[in-house]
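Residues -26 to -1, 1 to 286 in mature numbering (1 follows the signal peptide of the UniProt record, and there is no 0) are what the sequence shown lists, from first letter to last.
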Amino acid sequence: MRPFTLLFRCAALIAICSTAMGSAFADTFALVNINQQALFFNQINEGAQKAADAAGAKLVIFNANNVPSAQNDAIENYITQKVDGIILVAIDVNGVKPAITAAKAAGIPVIAIDAQIPDGDNVAFIGVDNAKAGEDIGKFYADYVKSEMGGTAKIGIVGALNSFIQNQRLDGFKKAVTDSGLAITFLDTVDGQNVQETAMSASENLMTANPDMTTLYATGEPALLGAVSAVTSQGRTGDVKVFGWDLTKQVIQGIDDGWVVAVVQQDPAGEGKAAVEALVKLKKGETVEPIINIPVTIVTKDNVDKYRAMFQ
């Protein structure tokens, strides 16, 4: 056998062995998410996947389809599989705590993103201060009512009442609006259940029951999409101003048309990326901060242009 051929075969064998060893010893991280309908959650998945690829780690993603108990079952399964770390976007932040504690007992770190776990055994939280961001959009709303609506408004709410974080966004919003001292009347709060079609029906019912409603606040992407669809289908774009969370192509169109006024935009891909990077650090024996806040932006007609490329 010629030396060149022998050298080539040896190099190929080394490469194969290295690949096999890398695959055998690669870290495996599990991402337990809420659903795969909302763009927000898919962007978390994408950010986490890119970070895992960059780190040479394997990422498995579980879709709970909005069922809280499914998240507990998934975590228990991942404990049995002995994954190296778990990323959790919790639906029921209290109900999932025993599963997080079980993961900790098994030596598996849990990073909570988007939804904080009160007194939980997760190593860290990565995401938004939802209560504060709710206050921020509430202050923006109150200023808008004062400057553009003569200080008077009637507002309906489209939320997801099983979502701890969306309830935080609602509470923060209400606090800021109430503190403004303006003549703003809160009408009904309807439950979109974090499902766009449900939120649309709930929004239509809300407007039918309250024909004098002048503003609307939606606490998450499915709620906002449903509300936008309902306002459009009901022909109310001329007399209902919309505020909410999480941009989409349809929401940007509403901003361009002038009836969607302001939207809180998060960085879900950044949250997913940061979570994987935190698990990589922990695997190396390094420490991570217990709370890593990801900034938000209130998007209006004045700054929406920078986000258009995300939805083309």
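Every residue gets a Cβ at the ideal spot worked out from N, C-alpha and C, and that includes glycine.
In three-state DSSP terms, what is residue i?
i	result
G133	strand
D276	coil
T193	coil
M284	helix
N96	coil
D103	coil
L221	coil
I158	strand
A25	helix
T152	helix
V41	coil
N7	strand
A(-1)	coil
I35	strand
T188	coil
A12	coil
V119	helix
V205	helix
Residue j and residue i - do their beta-carbons sit closer together than 7 Å?
i	j	result
Q10	N37	yes
L144	V119	no
I85	A201	no
I49	A26	no
V214	V234	no
A98	V270	no
T163	G133	yes
N168	N40	yes
G21	A173	no
F114	I266	no
I229	K275	yes
V238	A252	no
P196	A(-1)	no
F147	G101	no
L161	M187	yes
L5	I35	yes
L190	G130	yes
V63	I8	yes
D95	T75	yes
A44	I60	no
D103	L135	no
F15	D220	no
Buried or exposed, going by whether 16 or more other CB atoms sit within 10 Å of the CB of residue i?
i	result
S177	buried
residue 291	In this structure the chain extends from -26 to 286, so residue 291 is not present and cannot be described.
D110	buried
F3	buried
W121	As written in the sequence, residue 121 is Ser, which differs from the Trp given in the question. By the neighbour-count rule (16 or more Cβ atoms within 10 Å), S121 is not buried but exposed.
E245	buried
residue 291	Residue 291 lies beyond the stretch modelled for the chain, which goes from -26 to 286, so this question has no answer here.
A79	exposed
R282	exposed
K56	exposed
A28	exposed
P83	buried
T152	exposed
N277	exposed
F285	exposed
D58	buried
D231	exposed
T222	buried
Taking 6 Å as the cut-off, is the CB of residue i close to at least one heavy atom of the ligand ATP?
i	result
V238	This structure simply doesn't include the ligand ATP, nor any ligand for that matter.
Any contact of the stretch 58 to 75 with the stretch 84 to 97, i.e. 3+ C-beta pairs under 8 Å? yes
Could you tell me which whole beta strand (DSSP E) segments of length 3 or greater appear in the stretch 47 to 88? 59 to 62 and 84 to 87
Enumerated in chain order, which unbroken segments of the beta strand (DSSP E) with a length of 3 residues or greater are wholly contained in the stretch 207 to 267? 215 to 219, 234 to 239 and 265 to 267
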